[in-house]
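*Asks:*
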Amino acid sequence: DRPMTQPTSRLQVLRRGVTQRTLRLLFRPAAPAAPADKLPRAGIHRILICRSVRTLGNSLLLTPLLHELAETWPGAEVDVVSRSPVAAQIYGSHFDVGHVIQLPRKPAAHPLATLRALRQLRRTQYDLVIDPELQSQSGRLLAKLAHARYSLGFGDPRKSGTLSHSVDPAAAPRHQALQPVFLLRSVLGERPSARPYPQLELALPASARQSGEEALARILADQPPVVRGCIGIFTDATGDKRFDAAWWHRFIAAFTPGIGDYAVVEILSAASVRSQLAPRYPSFYSSDVRKLASVLANLAFFVSADCGVMHLGTAVGVPTVGLFKGTDTQEWGPYGDSNGAIDTRDLTAEDAAERTLAALRAAATVHAGSARIFHQTAGAQH
0 DRPMTQPTSR LQVLRRGVTQ RTLRLLFRPA APAAPADKLP RAGIHRILIC
50 RSVRTLGNSL LLTPLLHELA ETWPGAEVDV VSRSPVAAQI YGSHFDVGHV
100 IQLPRKPAAH PLATLRALRQ LRRTQYDLVI DPELQSQSGR LLAKLAHARY
150 SLGFGDPRKS GTLSHSVDPA AAPRHQALQP VFLLRSVLGE RPSARPYPQL
200 ELALPASARQ SGEEALARIL ADQPPVVRGC IGIFTDATGD KRFDAAWWHR
250 FIAAFTPGIG DYAVVEILSA ASVRSQLAPR YPSFYSSDVR KLASVLANLA
300 FFVSADCGVM HLGTAVGVPT VGLFKGTDTQ EWGPYGDSNG AIDTRDLTAE
350 DAAERTLAAL RAAATVHAGS ARIFHQTAGA QH
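Here the numbering used here is used: the first residue of the sequence shown is 0, the next is one more, and so on.
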């Protein structure tokens, strides 16, 4: 989902260098950020966000900006350009989103599809185009290709192409979900931290949440009745963020004796079909992001390795704890009420379990009274 703290691979360094040099042939290097007129509060109706990410987690981290745009210009329509194959599922349910312009995951390998997407991007005259990332060269290139009255992004010498409104990144918050909101508030003349930042959000209709509730009841039909709700556990991640099965079994052995009257269900996704906890716990699998989200929304608590599914839990409002082993928690951890990140690099699996139990107890206190009883008859739940 994101860069790790270990050194960048030579291939990544080479690719970024080639991209930067190519962009500087096309556009002037970005000038240092300078004071600019504020963006107007009126007359902004067509907005384009250029975020050329391809993962679930990075896609969800854009949703606070969508919320902020809806608050700032409630009558505007927002288009989003993305390489993520689930972008339409994430953004399409937001009332203010008009079109999701889908780039291929690997644009160079699919030139015709890339050209079609770029043609769609250039067909519209936008009032505002936003490049919300600190370092992405592709986002800046897309912003420069768009037709817009105003353009907004971070002013950084590592990025090429000047914009009508740029913001010095020096004071930007570290968390990747907060930076785009900071960017927008800065050019509206606000003190960005004067009010709370929006949370991640995946809009789910009541019918989807009901379907997720019924699915969870069926999964737990053969389990003893649950008084306090269900805890979901997602064990997979990519690369060095992944814990092996032995670590998870030690974690579970220390964690489950302290959970009391909660059930446990293992969550599986399209990227993680193989269970690391079977056959100990029932499991739920879906290749559909929104179906997965509908089940997560009915959990009492969610424990996840550092990955996009972790962010999906926070986006549907379930108290979520992310277990990290390399990525910067201040940049990528779940934030907001009842959410948290545990850096496990100096912890044993047993220590991590104890800290997760403390987070569960804190979340249970905050959400007291919201527990549900899952009966042994599938679908019978109240």
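No residue lacks a Cβ here, since even glycine has one placed at the ideal position from N, Cα and C.
(1) Residue 284 bridges to which residues according to DSSP?
(2) Is the stretch 77 to 84 touching the stretch 216 to 224, taking contact as three or more C-beta pairs under 8 Å?
(3) At what residue ranges does the stretch 73 to 110 contain a whole run of the alpha helix (DSSP H), taking only runs of 4 or more?
(4) Leaving out the 5 sequence neighbours to the left and right, which residues in its chain are closer than 6 Å to residue 179 when beta-carbon positions are compared?
(5) Identify the continuous alpha helix (DSSP H) that holds residue 311 and give its terminal residues.
(6) Give me the DSSP bridge partner(s) of residue 231.
(7) Taking the C-alpha atoms as reference points, what is the distance between residue 40 and residue 47?
(8) By the three-class DSSP mapping on this structure, what secondary structure does residue 350 have?
(9) With burial defined as no fewer than 16 other Cβ atoms inside 10 Å of the residue's Cβ, what is the status of residue 363: buried or exposed?
(10) Taking the CB atoms as reference points, tell me whether residue 141 and residue 120 lie closer together than 8 Å.
(11) Assign residue 381 to one of three DSSP states: helix, strand, or coil.
(12) For my contact list, residue 231 and residue 295 are in at a C-beta cut-off of 8 Å; report their separation, rounded to the angstrom.
(13) Return the residue from the list 281, 272, 193 that minimises the CA-CA distance to residue 216.
(14) Pull up the DSSP beta-bridge partners for residue 164, would you.
(15) Bridge partners for residue 319 per DSSP, in chain order?
(16) Per the contact definition of three or more C-beta pairs closer than 8 Å, is the stretch 263 to 271 in contact with the stretch 336 to 347?
(17) Tell me the DSSP bridge mates of residue 239?
(18) Just to confirm before moving on: does the CB-CB distance between residue 167 and residue 149 stay below 8 Å?
*Replies:* The short version:
(1) Position 285 of the sequence shown, counted from the start, is the residue given in the question as residue 284. In the DSSP output, where bridge partners are listed per residue, residue 284 has 267.
(2) no
(3) 86 to 90
(4) Taking the sequence shown and counting its residues from 1, the one referred to as residue 179 is at position 180. Within the same chain, residue 179 has close Cβ partners 64, 131.
(5) Taking the first residue of the sequence shown as 1, we reach residue 311 at position 312. That run of the alpha helix (DSSP H) goes 307 to 314.
(6) On the sequence shown, position 232 is the one that residue 231 refers to. In DSSP, residue 231 forms a bridge with 264, 301.
(7) As a position in the sequence shown, residue 40 is number 41, starting the count at 1. As a position in the sequence shown, residue 47 is number 48, starting the count at 1. Looking at the two C-alpha atoms, the distance is approximately 16 Å.
(8) Counting from one through the sequence shown, the residue named residue 350 turns up at place 351. Correct three-state label for residue 350: helix.
(9) In the sequence shown, the residue the question calls residue 363 occupies position 364. Buried, because 16 or more other Cβ atoms sit within 10 Å of the Cβ of residue 363.
(10) As a working note, residue 141 is residue 142 in the sequence shown. As a working note, residue 120 is residue 121 in the sequence shown. A contact, by the Cβ cut-off of 8 Å.
(11) Counting from one through the sequence shown, the residue named residue 381 turns up at place 382. Note that residue 381 has pLDDT 31, beneath the 50 cutoff, so the model's placement of it is unreliable and no number is given.
(12) Here residue 231 is taken as the residue at index 232 of the sequence shown, counted from 1. Here residue 295 is taken as the residue at index 296 of the sequence shown, counted from 1. Right, the Cβ-Cβ distance comes to about 6 Å (below 8 Å), so this counts as a contact.
(13) Looking up residue 216 in the sequence shown gives position 217. Comparing Cα-Cα distances from residue 216 to each of 281, 272, 193, the minimum goes to 281.
(14) Here residue 164 refers to the residue found at position 165 when the sequence shown is read from its first residue. Answer is 151, bridged to residue 164.
(15) Within the sequence shown, the letter at position 320 stands for residue 319. Residue 319 is bridged to 301.
(16) no
(17) Within the sequence shown, numbered from 1, the residue matching residue 239 stands at position 240. In the DSSP output, where bridge partners are listed per residue, residue 239 has none listed.
(18) Position 168 of the sequence shown, counted from the first residue, corresponds to residue 167. Position 150 of the sequence shown, counted from the first residue, corresponds to residue 149. Against a cut-off of 8 Å, the Cβ pair of residue 149 and residue 167 comes out as no contact.
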